[in-house]
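Worksheet for the structure shown next.
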Amino acid sequence: MSRTLIIGSAGQLGSELLCAFPPGEAFGADLEAADFQLDITNYNALRSCITEVQPSCVILTAALHEPAFCEAHPQLAYQINALSCLETAVLCRHVGARLIYISTDYVYGGYSFSPARPFQEIDPVRPVNVYGKSKTAGERYVIENCSDYLIIRTASLYGQNPCRGKKGRNFVETMLARAREGSPVHVVTDEMCSPTCARDLAEQISILATAAPSGIYHAVSKGFCSWYDFAREIFFQFKIDADLLPVQRMNFQDAFRRPAYSLLDRSKLARSGLDYMPDWQDGLKKYAAARSLEI
Ligand SMILES: NC(=O)c1ccc[n+]([C@@H]2O[C@H](COP(=O)([O-])OP(=O)(O)OC[C@H]3O[C@@H](n4cnc5c(N)ncnc54)[C@H](OP(=O)(O)O)[C@@H]3O)[C@@H](O)[C@H]2O)c1
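According to our numbering, the sequence shown is numbered sequentially starting from 48.
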């Protein structure tokens, strides 16, 4: 029987990953609310956890990923996103486990193609902020220290268990909350995304975990849109009459540099024969249906 250790199991993606594996085959580790209470910056605890579970696969989803917070706390960002990843990689090699590192479109953004085209796995990374740079360092540590790894880059995640790293919010829930307040909702039209439901991604990862050859994969929903179009589809799917207004990114001040363009090309996943990701609208439709059952 395979044994998968999910580190970051209480998070938005981690909680879905726990459900994506057969009962008894997945074990969760997180700062709290998990089979193993674990702070990945505590290397003794990390070693004990991996030694005790003896996993055939470790999925590292724990991260510090609020970009403004990372920018203000670079040492902590590198410690969690990169150095703990190095430690995990070495431990995985030691126990013979496959390591799956969840990464991000923010490894790109330092340049865009002209004309713009989504980034392929073979394109050189060029992050523009501390979050992206620390995740890029994590990727390098995985590649250099594990012979059996998957680096799965994803983007624009939303899930039933809203992102704790972003104070319990994700874009869908933020849009719904703003609309319910009744005030105008301003959303950018000049930035593109591939909205990806955490449940779909978790199921995709569980398939790649056993079937995909070692390497880097871009795993996002099919298709892309502007954040404005995403918001419009959210209000449509949730049947909410919101006062949605288009704006340009330059109207917002950020405490960190955003990638100008970071769409992920997903043709490697499509070619693998293992692509189970839905169109982004279908993913949102399923999420809306599940959320309405909750309410
Ligand atoms: N969310 C997105 O839009 C997005 C986009 C692209 C890529 N990603 C990547 O996807 C992965 C999962 O993101 P997510 O949205 O599921 O994030 P999340 O909801 O914040 O989940 C991360 C989990 O890791 C835990 N964690 C943080 N620091 C830890 C530590 N030192 N030791 C042990 N556990 C720790 C968090 O606990 P606390 O909540 O208690 O801190 C949380 O439960 C991340 O690697 C991220 O870089 C996310």
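Backbone N, C-alpha and C fix where the C-beta goes; we use that ideal spot for every residue, glycine too.
Within the model, the alpha-carbon separation for A73 versus L292 is close to 43 Å.
If only complete runs of 4 or more residues are kept, the segment 242–283 shows the alpha helix (DSSP H) at 245–258, in order along the chain.
A distance criterion of 7 Å places the beta-carbon of G61 in contact range of ligand 1, judged by its closest non-hydrogen atom. By the neighbour-count criterion, in which a residue is buried when 16 or more other Cβ atoms sit within 10 angstroms of its Cβ, N298 is exposed.
Counting along the chain, G75 sits inside the beta strand (DSSP E) bounded by residues A73 to D77. Burial is judged here by how many other beta carbons sit within 10 angstroms of a residue's own beta carbon; P69 has fewer than 16 and is exposed. Put simply, the backbone Cα of N192 is about 7 Å away from that of R140. Distance from the Cα of R313 is smallest, within the candidate group T183, Y188 and H265, for H265. Distances from the alpha-carbon of P209 to those of K180, A245 and G185 put A245 closest. The DSSP-derived three-state label of L146 is strand. A residue is called buried when at least 16 other Cβ atoms come within 10 angstroms of its Cβ; A119 does not meet this threshold and is exposed.
By the Cβ criterion, the segment 124–141 is not in contact with the segment 161–171, since fewer than three pairs of Cβ atoms, one from each stretch, lie closer than 8 Å. Under a 10 Å Cβ-count criterion, Q295 is classified as exposed, with fewer than 16 other Cβ atoms of the shown protein chains found around its own Cβ.
Going by DSSP, P293 is part of the beta strand (DSSP E) stretching over L291 to V294. With a contact defined as Cβ atoms closer than 8 Å, Y196 and S150 miss out at about 11 Å. A contact is defined here as three or more CB-CB pairs under 8 Å, and the segment 284–291 fails this definition with respect to the segment 89–107.
With contacts defined by Cβ atoms closer than 8 Å, G185 and P174 do not form a contacting pair. With a threshold of 16 other beta carbon atoms within 10 Å, F277 meets it and is buried. Under the three-state reduction of DSSP output, D152 falls in the helix class.
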